[in-house]
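Trainee: Quick mapping for you: the protein sequence lines, in order, are chains A and B. The first sequence begins at 1 in the numbering used here and counts up by one. The second sequence begins at 605 in the numbering used here and counts up by one. Okay, handing you the structure first.
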Amino acid sequence: MSMERKLVMGNEAIALGAVRAGVRMVAGYPGTPSTEILETVAKHNDGSIHVEWSTNEKAAMEVGAGAAYAGARTLVTMKQVGLNVASDPLMSLAYVGVKGGLVIVSADDPGPISSQTEQDTRHFAQFSKLPVFDPSSPDEAYLMIADAFEYSEKYQTPVLFRPTTRVCHACVSIDLLPKLDVPEPEGFIKDTMRWVIFPRLSYQNHIKIEARNVELSEVFSSYDKNLLRKGSGRKGVVSGGVSFAYTSEVIPGDVPFLKISTPHPFPERLAKEFLENLDEVLVLEELDPVIEKELLQIAGKYHLNVNICGKLTYDTKNAGENSVESIRGDLAQFFGFEEAGTKDPGSVQDEIPQLPVRPPVLCAGCPHRASFYAVKKAMRGKKAVFSGDIGCYTLGNAKPLDMVDTCLCMGADVTIAQGLHIIERDTVNFAFIGDSTFFASGITGVVNAVYNQTDIVLIVLDNSTTAMTGHQPHPGTGVTMMGDVAAKISIENILRGIGLTWIETVDPLNLELAVNTVKRAAGEKGVRAVIFRSPCIAVAKPGKLYKVKQDFCTKCKVCISQLGCPAIAVNDGAVVVEPSLCYGCGLCSQVCPSGAIGEVESDE
Amino acid sequence: MNKSCLLCGVGGQGVVLASKLIAYAAMEQGKFVRTTETIGMAQRGGSVVSHVRMGTEVHSPLIPVKSADMLLAFEPAEAVRCLPYLKEGGTVIVSSKAVKPVTATLSGSTYEGTEMLEYLKKNVEKLAILDGKEICSQAGSAKVLNVALLGAAAASGVLDISVEEMEKAMAGNVKEKFLVMNRKALELGKTAFERA
Numbered sequence: 001m002s003m004e005r006k007l008v009m010g011n012e013a014i015a016l017g018a019v020r021a022g023v024r025m026v027a028g029y030p031g032t033p034s035t036e037i038l039e040t041v042a043k044h045n046d047g048s049i050h051v052e053w054s055t056n057e058k059a060a061m062e063v064g065a066g067a068a069y070a071g072a073r074t075l076v077t078m079k080q081v082g083l084n085v086a087s088d089p090l091m092s093l094a095y096v097g098v099k100g101g102l103v104i105v106s107a108d109d110p111g112p113i114s115s116q117t118e119q120d121t122r123h124f125a126q127f128s129k130l131p132v133f134d135p136s137s138p139d140e141a142y143l144m145i146a147d148a149f150e151y152s153e154k155y156q157t158p159v160l161f162r163p164t165t166r167v168c169h170a171c172v173s174i175d176l177l178p179k180l181d182v183p184e185p186e187g188f189i190k191d192t193m194r195w196v197i198f199p200r201l202s203y204q205n206h207i208k209i210e211a212r213n214v215e216l217s218e219v220f221s222s223y224d225k226n227l228l229r230k231g232s233g234r235k236g237v238v239s240g241g242v243s244f245a246y247t248s249e250v251i252p253g254d255v256p257f258l259k260i261s262t263p264h265p266f267p268e269r270l271a272k273e274f275l276e277n278l279d280e281v282l283v284l285e286e287l288d289p290v291i292e293k294e295l296l297q298i299a300g301k302y303h304l305n306v307n308i309c310g311k312l313t314y315d316t317k318n319a320g321e322n323s324v325e326s327i328r329g330d331l332a333q334f335f336g337f338e339e340a341g342t343k344d345p346g347s348v349q350d351e352i353p354q355l356p357v358r359p360p361v362l363c364a365g366c367p368h369r370a371s372f373y374a375v376k377k378a379m380r381g382k383k384a385v386f387s388g389d390i391g392c393y394t395l396g397n398a399k400p401l402d403m404v405d406t407c408l409c410m411g412a413d414v415t416i417a418q419g420l421h422i423i424e425r426d427t428v429n430f431a432f433i434g435d436s437t438f439f440a441s442g443i444t445g446v447v448n449a450v451y452n453q454t455d456i457v458l459i460v461l462d463n464s465t466t467a468m469t470g471h472q473p474h475p476g477t478g479v480t481m482m483g484d485v486a487a488k489i490s491i492e493n494i495l496r497g498i499g500l501t502w503i504e505t506v507d508p509l510n511l512e513l514a515v516n517t518v519k520r521a522a523g524e525k526g527v528r529a530v531i532f533r534s535p536c537i538a539v540a541k542p543g544k545l546y547k548v549k550q551d552f553c554t555k556c557k558v559c560i561s562q563l564g565c566p567a568i569a570v571n572d573g574a575v576v577v578e579p580s581l582c583y584g585c586g587l588c589s590q591v592c593p594s595g596a597i598g599e600v601e602s603d604e
Numbered sequence: 605m606n607k608s609c610l611l612c613g614v615g616g617q618g619v620v621l622a623s624k625l626i627a628y629a630a631m632e633q634g635k636f637v638r639t640t641e642t643i644g645m646a647q648r649g650g651s652v653v654s655h656v657r658m659g660t661e662v663h664s665p666l667i668p669v670k671s672a673d674m675l676l677a678f679e680p681a682e683a684v685r686c687l688p689y690l691k692e693g694g695t696v697i698v699s700s701k702a703v704k705p706v707t708a709t710l711s712g713s714t715y716e717g718t719e720m721l722e723y724l725k726k727n728v729e730k731l732a733i734l735d736g737k738e739i740c741s742q743a744g745s746a747k748v749l750n751v752a753l754l755g756a757a758a759a760s761g762v763l764d765i766s767v768e769e770m771e772k773a774m775a776g777n778v779k780e781k782f783l784v785m786n787r788k789a790l791e792l793g794k795t796a797f798e799r800a
């Protein structure tokens with residue numbers, strides 16, 4: 001049988017590995033760096049797999065649990081902070097267990113590169129007492145996801161799978177393997193002593209879980225992806241995840257080397273065997289010292305005379321991501337050899353010229369810019385606080401808009417605005433939330449404001465997509481991951497149902513109307529909602545482009561200093577609209593005090 | 605023999621696609637390939653860096669500092685930013701056209717790219733500066749800068765990928781209607797490298 005060689009991204013490898021392993025249900029919520037997993041399954045769906053973007057991670061976890069109760073192999077995907085949202089079902093599900101294999105992918109983000117926290121999913125594994133697999137590369141993830149399904153089914157427990165950004169987003173050439181033979185789901189078999197969680201059942205299952213994890217620790221000590229290289233000498237190195245790949249680049253071939261692919265239950269026998277022959281061990285891992293603490297426990301438990309060095313001993317850094325360079329430095333310090341490249345007497349480079357910074361900004365033509373600008377203009381000189389949320393619109397914090405005063409987690413704009421207002425009643429408190437975030441976790445916050453009679457102005461930035469993570473559909477778009485067209489769920493109707501009476505929907509690109517609407521909303525009491533509806537430029541066709549009529553331009557640069565649009569630049573002293581970047585939103589023409597910006601005529 | 609190429613530029617310039625085409629060309633030769641991108645939170649206009657590593661003994665998706673055989677830079681300042689990755693005696697191919705960041709416009713600072721090119725000339729022995737603007741206007745689109753740079757990269761021979769192999773990888777992954785234009789860009793890139 002000929003194998004197909006493909007260049008796949010880590011997330012694609014996880015998806016293709018799950019399809020190979022006979023997955024029947026995939027549910028998740030978009031979040032960098034995990035998003036492409038679910039999208040890839042949807043792309044390779046022969047119709048036998050139900051794929052859905054759930055409204056949030058908790059919904060995904062519970063939908064997934066149901067499918068696994070019915071015996072189907074199920075994949076649930078999210079980023080690490082999504083696991084916080086899904087932690088309620090996760091903790092209980094760990095006690096109840098599953099029938100079909102249930103693998104929960106929670107992608108961690110050392111750095112962090114695009115996350116609020118540097119939290120470590122391996123802690124969640126320990127906390128929930130669930131097994132966790134930690135792939136070191138896309139190629140390993142492709143195979144490991146099948147192992148995860150197998151262990152999940154064999155031990156009838158959910159299993160966590162924890163890739164990190166550099167595994168998720170790296171690509172590798174791999175040979176795709178034939179599909180595994182997996183039986184059809186048996187269906188749900190009623191059994192209240194199994195599927196209904198009660199204190200007594202939890203007690204009994206707790207005993208079983210502890211016994212199972214002792215067994216798994218032993219089984220994982222022989223797992224082929226936990227690797228022990230004996231080597232020579234009395235100093236060894238332990239690593240896991242992508243740090244293992246970095247370490248493999250630079251570690252001398254004869255150094256005793258242990259790779260941990262299952263940080264929980266920890267492969268104790270294997271680790272003990274490794275530690276017994278050594279005086280000193282360096283642990284190289286990202287995020288928290290999870291492996292390091294396990295090794296310390298084993299050393300203590302068996303009275304092993306070995307030093308464990310790592311984050312707890314300040315030998316390695318305790319925040320941010322690792323790299324080949326950082327690990328080369330750690331190894332050099334640990335083994336006492338001179339770091340290659342640190343001394344470079346001959347080639348003293350010239351001082352590097354000052355590099356231009358390219359911070360993330362809202363795209364040219366982004367309707368969020370117009371929305372933020374309208375609120376800013378409407379509230380000029382008034383006491384107002386702007387609470388933001390997670391999405392592209394977090395970028396509204398950048399100058400010159402400077403319109404995000406708080407940002408915490410998904411949905412928290414609505415509720416933080418309430419807390420702020422309760423303490424400072426003379427302030428107008430705005431809550432900015434995107435359409436996808438509104439569905440994911442905004443609604444309960446609005447109910448809270450209505451119920452507790454707290455005055456806020458809710459601004460829904462509805463661009464008809466989940467933009468930041470790459471334009472996924474959501475309940476308001478009427479498109480599903482199965483390719484069906486569903487009824488669009490109306491944000492206005494939801495708000496009306498909750499009891500709001502002041503709801504206005506406006507196109508933010510109509511600046512005057514937008515400003516006036518916000519002014520009126522600010523003057524009212526109660527929970528008022530302005531829905532700024534205008535599609536993301538990535539899902540809408542560009543309009544007529546704009547240009548600066550040089551004869552009229554007074555070079556006041558109000559367009560630049562007020563909007564910060566990437567398409568407006570100064571070239572040889574002249575303010576110009578860069579045609580390759582302009583999307584034709586027309587906001588600049590409405591801001592220009594001289595009427596110098598207008599549409600490009602079709603014959604130009 | 606392991607080879608690695610670091611590609612850098614600004615979001616929207618086609619850096620990621622170019623890195624994929626190099627990877628495909630290497631895979632066609634039967635080589636094992638690892639690639640990755642560092643894009644961060646930027647949507648458009650942010651710095652984009654693509655790492656391509658080809659060969660057998662490759663573990664890390666990121667090219668270690670001082671080990672890239674080639675730096676293929678779509679923009680002068682991005683070349684300077686990524687220069688630490690270049691190994692001693694490595695090759696830099698850079699497009700001379702600067703992409704101004706929106707912050708430069710806001711702060712009124714002037715960035716034109718010339719001092720970046722001067723810095724590269726002083727510090728890189730094997731340097732080829734391509735007139736990206738001129739090549740694109742000859743090819744008929746600003747969007748073919750990436751393919752033109754690939755033509756130059758292939759012509760240099762540094763990556764053990766010939767212009768013909770690069771052309772094949774490109775042809776298999778570019779829309780039919782843009783093929784003629786991209787072939788022209790590849791050829792222009794090759795010629796520009798030979799002259800540089």
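Using N, Cα and C, we set each Cβ at its ideal position, and we do this for glycine too.
One question on the structure: do K691 (chain B) and K725 (chain B) come within less than 8 Å of each other, judged by their Cβ atoms?
Mentor: Your numbering for residue 691 (chain B) matches position 87 in the second sequence. Your numbering for residue 725 (chain B) matches position 121 in the second sequence. Taking 8 Å as the Cβ cut-off, K691 (chain B) and K725 (chain B) do not qualify as a contacting pair.
Trainee: Roughly how many angstroms lie between the CA atoms of D484 (chain A) and K43 (chain A), to the nearest whole one?
Mentor: On the first sequence, residue 484 (chain A) is found 484 positions in, with the first residue counted as 1. On the first sequence, residue 43 (chain A) is found 43 positions in, with the first residue counted as 1. Going from the Cα of D484 (chain A) to the Cα of K43 (chain A) covers about 14 Å.
Trainee: Would you mind telling me which residues of chain B sit closer than 7 Å to G388 (chain A), beta carbon to beta carbon, in chain order?
Mentor: Against the first sequence, residue 388 (chain A) aligns to sequence position 388. Residues of chain B passing the Cβ test: none, with the nearest at roughly 14 Å.
Trainee: Mind checking S651 (chain B): buried by the 16 CB within 10 Å criterion, or exposed?
Mentor: The residue labelled residue 651 (chain B) in the question sits at position 47 within the second sequence. S651 (chain B) should be labelled buried.
Trainee: Restricting to Cα atoms, I'd like to know which of A:L282, A:V591, A:E294, A:P289 is closest to R269 (chain A).
Mentor: Your numbering for residue 269 (chain A) matches position 269 in the first sequence. Checking every option, the nearest Cα to that of R269 (chain A) belongs to A:E294.
Trainee: For K556 (chain A), name the three-state secondary structure that DSSP assigns.
Mentor: Position 556 of the first sequence, counted from the start, is the residue given in the question as residue 556 (chain A). Note that residue 556 (chain A) is Cys in the sequence shown, not Lys. For C556 (chain A), the secondary structure class from DSSP, reduced to helix, strand or coil, is coil.
Trainee: Could one say the Cβ of K779 (chain B) lies closer than 8 Å to chain A's Cβ atoms, at least one of them?
Mentor: Start at 1 with the first residue of the second sequence, and residue 779 (chain B) comes out as number 175. No, K779 (chain B) lies away from the interface with chain A (no Cβ there is under 8 Å from its Cβ).
Trainee: Between the C-alpha atoms of F257 (chain A) and P289 (chain A), what's the straight-line distance to the nearest angstrom?
Mentor: The residue you call residue 257 (chain A) lines up with position 257 of the first sequence. The residue you call residue 289 (chain A) lines up with position 289 of the first sequence. Rounded to the nearest angstrom, the two C-alpha atoms are 17 Å apart.
Trainee: Output needed in chain order: residues of the stretch 680 to 698 of chain B with a Cβ under 9 Å from some Cβ in chain A.
Mentor: A681, E682, V684, R685, L687, E692
Trainee: Spell out the partners DSSP gives I459 (chain A) in its beta bridges.
Mentor: If you number the first sequence from 1, residue 459 (chain A) lands on position 459. Partner(s): A:F432, A:V530.
Trainee: Quick one: which residues of the stretch 240 to 265 of chain A get their C-beta closer than 7 Å to a C-beta of chain B? List them in chain order.
Mentor: A245, Y246, S248, E249
Trainee: For S608 (chain B), which three-state DSSP category applies?
Mentor: To locate residue 608 (chain B), count along the second sequence from 1; it is residue 4. In this structure, S608 (chain B) counts as strand in the three-state DSSP scheme.
Trainee: Which whole-angstrom value describes the C-beta separation of L304 (chain A) and E276 (chain A), a residue pair presumed to lie in contact below a C-beta threshold of 8 Å?
Mentor: Here residue 304 (chain A) refers to the residue found at position 304 of the first sequence. Here residue 276 (chain A) refers to the residue found at position 276 of the first sequence. That belief holds up - the Cβ atoms of L304 (chain A) and E276 (chain A) are roughly 6 Å apart, short of 8 Å.
Trainee: Please report the straight-line C-alpha distance between V250 (chain A) and E738 (chain B), rounded to a whole angstrom.
Mentor: Indexing the first sequence from 1 puts residue 250 (chain A) at position 250. Indexing the second sequence from 1 puts residue 738 (chain B) at position 134. Each residue's alpha carbon lies about 43 Å from the other.
Trainee: With distances taken from CA atoms, which of A:P353, A:V23, A:D109 is nearest H50 (chain A)?
Mentor: Counting from 1 along the first sequence, the entry for residue 50 (chain A) is found at position 50. Ranking the options by Cα distance to H50 (chain A), first place goes to A:V23.
Trainee: Using only alpha-carbon positions, find the residue among A:A378, A:V237, A:V26, A:E140 that is nearest to S48 (chain A).
Mentor: For this step, residue 48 (chain A) is matched to residue 48 along the first sequence. Comparing Cα positions, the closest option is A:V26.
Trainee: Going along the stretch 349 to 373 of chain A in order, which residues come within less than 7 Å of chain B, judged by CB to CB distance?
Mentor: Q349, D350, I352, P353, L355, P356, V357, R358, P359, P360, V361, C363
Trainee: I think A68 (chain A) touches V98 (chain A), with their Cβ atoms under 8 Å apart; what is that distance to the nearest whole Å?
Mentor: Here residue 68 (chain A) corresponds to residue number 68 of the first sequence, with the count starting at 1. Here residue 98 (chain A) corresponds to residue number 98 of the first sequence, with the count starting at 1. Sure, about 4 Å apart at Cβ, within 8 Å.
Trainee: Counting only the same chain and skipping the five closest in sequence on each side, list residues whose C-beta sits under 6 Å from that of Y805 (chain B).
Mentor: Examination of residue 805 (chain B) is not possible in this model, given that chain B is present from 605 through 800 alone.
Trainee: Just to make sure I have the definition right: I need the residues of chain B whose C-beta is within less than 7 Å of the C-beta of S173 (chain A). Which are they?
Mentor: On the first sequence, residue 173 (chain A) is found 173 positions in, with the first residue counted as 1. Under the 7 Å cutoff, chain B gives M631, F636, V637.
Trainee: Indicate whether at least one CB of chain B lies closer than 8 Å to the CB of G564 (chain A).
Mentor: Against the first sequence, residue 564 (chain A) aligns to sequence position 564. Interface criterion met: the Cβ of G564 (chain A) is under 8 Å from a Cβ in chain B.
Trainee: Distance cutoff 8 Å, beta carbons only. Does S34 (chain A) sit that close to anything in chain B?
Mentor: Position 34 of the first sequence, counted from the first residue, corresponds to residue 34 (chain A). Taking Cβ atoms only, chain B never reaches closer than 8 Å to S34 (chain A), which makes this a no.
Trainee: Could you list which residues in chain A have their beta carbon closer than 8 Å to that of A627 (chain B), in chain order?
Mentor: Taking the first residue of the second sequence as position 1, residue 627 (chain B) is located at position 23. Ordered by position in chain A, the residues that pass the 8 Å Cβ test against A627 (chain B) are L7, C171, S173.
Trainee: I'd like to know whether the C-beta of E641 (chain B) is nearer than 8 Å to at least one C-beta of chain A.
Mentor: As a working note, residue 641 (chain B) is residue 37 in the second sequence. With 8 Å as the cut-off, E641 (chain B) counts as an interface residue toward chain A.
Trainee: Name the DSSP beta bridge partners of T164 (chain A), please?
Mentor: As a position in the first sequence, residue 164 (chain A) is number 164, starting the count at 1. Assignment of beta-bridge partners to T164 (chain A) by DSSP yields A:D108.
Trainee: Which partner residues of A574 (chain A) appear in the DSSP bridge assignment?
Mentor: Stepping through the first sequence from its first residue, residue 574 (chain A) is reached at position 574. In DSSP, A574 (chain A) forms a bridge with A:N571.
Trainee: What's the call for N571 (chain A), buried or exposed, on a 16-neighbour Cβ count within 10 Å?
Mentor: Here the question's residue 571 (chain A) lines up with position 571 in the first sequence. Exposed is the call here.
Trainee: Can you have a look at D344 (chain A) and say buried or exposed, based on whether 16 or more other CB atoms are within 10 angstroms of its CB?
Mentor: Taking the first sequence and counting its residues from 1, one reaches residue 344 (chain A) at position 344. Note that D344 (chain A) scores a pLDDT of 49, beneath 50, so its modelled location is shaky and nothing firm can be said.
Trainee: Mind checking the stretch 542 to 574 of chain A against chain B and listing, in chain order, the residues whose C-beta falls within less than 8 Å of any C-beta there?
Mentor: I560, S561, G564, C565, P566, I568, A569, V570
Trainee: Between B:K772, B:E780, B:A757, B:G744, which has its C-alpha nearest K788 (chain B)'s C-alpha?
Mentor: What you label residue 788 (chain B) is simply residue 184 of the second sequence in a count that begins at 1. Per the Cα distances, B:G744.
Trainee: Interface residues of chain A around G719 (chain B) at Cβ under 8 Å?
Mentor: The sequence position of residue 719 (chain B) within the second sequence is 115, counting from 1. This sequence places Glu at residue 719 (chain B); Gly is not what is there. Under the 8 Å cutoff, chain A gives P353.
Trainee: A773 (chain B) to G793 (chain B), Cα distance in whole Å?
Mentor: Here residue 773 (chain B) corresponds to residue number 169 of the second sequence, with the count starting at 1. Here residue 793 (chain B) corresponds to residue number 189 of the second sequence, with the count starting at 1. Rounded to whole angstroms, A773 (chain B) to G793 (chain B) spans 16 Å at the Cα level.
Trainee: To which residues of the same chain is D139 (chain A) closer than 6 Å at the C-beta, ignoring the five residues directly before and after it?
Mentor: Stepping through the first sequence from its first residue, residue 139 (chain A) is reached at position 139. V172, I174.
Trainee: First and last residue of the alpha helix (DSSP H) that includes V283 (chain A)?
Mentor: Residue numbering aside, residue 283 (chain A) sits at position 283 when the first sequence is read from its first letter. Here V283 (chain A) belongs to no alpha helix (DSSP H); instead the beta strand (DSSP E) covers 280 to 284.
Trainee: CA-CA distance, D279 (chain A) and G233 (chain A)?
Mentor: Stepping through the first sequence from its first residue, residue 279 (chain A) is reached at position 279. Stepping through the first sequence from its first residue, residue 233 (chain A) is reached at position 233. C-alpha separation (whole angstroms): 9 Å.
Trainee: Closest Cβ-Cβ distance between P135 (chain A) and chain B: below 8 Å?
Mentor: The residue labelled residue 135 (chain A) in the question sits at position 135 within the first sequence. No - not a single Cβ of chain B is within 8 Å of the one on P135 (chain A).
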